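**Student:** Just so we're aligned, residue 1 is where the sequence shown starts under full-length UniProt numbering, counting upward by one. Got a structure here, written out as structure tokens. Questions coming.
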Amino acid sequence: MASSNGKIRCYDIVHFGHANQLRQAKEMGDYLIVGVHTDEEIARYKGPTVFNEQERYKMIRAIKWVDKVVEGAPYIATLETLNAYNCDFCVHGDDVSLGENGLDCYRFMKQTGRYRECERTAGISSSNL
Numbered sequence: 001m002a003s004s005n006g007k008i009r010c011y012d013i014v015h016f017g018h019a020n021q022l023r024q025a026k027e028m029g030d031y032l033i034v035g036v037h038t039d040e041e042i043a044r045y046k047g048p049t050v051f052n053e054q055e056r057y058k059m060i061r062a063i064k065w066v067d068k069v070v071e072g073a074p075y076i077a078t079l080e081t082l083n084a085y086n087c088d089f090c091v092h093g094d095d096v097s098l099g100e101n102g103l104d105c106y107r108f109m110k111q112t113g114r115y116r117e118c119e120r121t122a123g124i125s126s127s128n129l
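Below, the structure is given as structure tokens:
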């Protein structure tokens, strides 16, 4: 693997906007590894899920741009996680993701130059459902 990229998202209710983000992420590298959180991690940061983690893993695996799914990825992206999967960088949408402490979840990636950003698909979000 010459380079890879990881992306940490919730993907509870998968929609076209998620697929579009994954397409953009795939275009940034040659191998797309997608980290998907456990139900417990999502509940801690965002509230209860609609689909359970096994269903979310299957939905993300079905998207054609995804090469590999990492089950149980941490909500707060870490350099250790990127290194464990030989990821050169992580990709996230242009929205801000904050942890419990109010800090940017991707601050370490940004500080080390291992962060890339893709555009959100306007008008499409499942966060407010």
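Each residue gets a CB set at the ideal place from its N, CA and C atoms; glycine is no exception. None of these values were measured; they are calculated from a predicted model.
What would DSSP say about Phe89, mapped onto helix, strand or coil?
**Tutor:** Residue state, collapsed to three classes: strand.
**Student:** Flag this pair as yes or no: are the beta carbons of Ile33 and Val70 separated by less than 9 Å?
**Tutor:** Yes, these two residues count as a Cβ contact at 9 Å.
**Student:** If you pair each beta-carbon of the region 21–33 with each one of the region 42–55, do three or more pairs fall below 8 Å?
**Tutor:** They do not touch, by the three-pair rule.
**Student:** With a threshold of 16 other CB atoms inside 10 Å of the CB of Glu53, please say whether the residue is buried or exposed.
**Tutor:** Buried, by the Cβ-count rule.
**Student:** In angstroms, rounded to a whole number, what distance separates the CA positions of Ile60 and Val91?
**Tutor:** About 15 Å.
**Student:** Rounded to a whole number of angstroms, what is the C-alpha to C-alpha distance between His37 and Ala77?
**Tutor:** Rounded to the nearest angstrom, the two C-alpha atoms are 11 Å apart.
**Student:** Taking 9 Å as the threshold (C-beta atoms), are Asp88 and Val96 in contact?
**Tutor:** Not in contact: Val96 and Asp88 (Cβ atoms no closer than 9 Å).
**Student:** Tell me whether Arg114 is buried or exposed, calling it buried when 16 or more other Cβ atoms sit within 10 Å of its Cβ.
**Tutor:** The residue in question, Arg114, is buried, as its Cβ has 16 or more Cβ neighbours within 10 Å.
**Student:** How would you write the range of the beta strand (DSSP E) that Tyr115 sits in, first residue to last?
**Tutor:** Element bounds for Tyr115: Tyr115 to Cys118.
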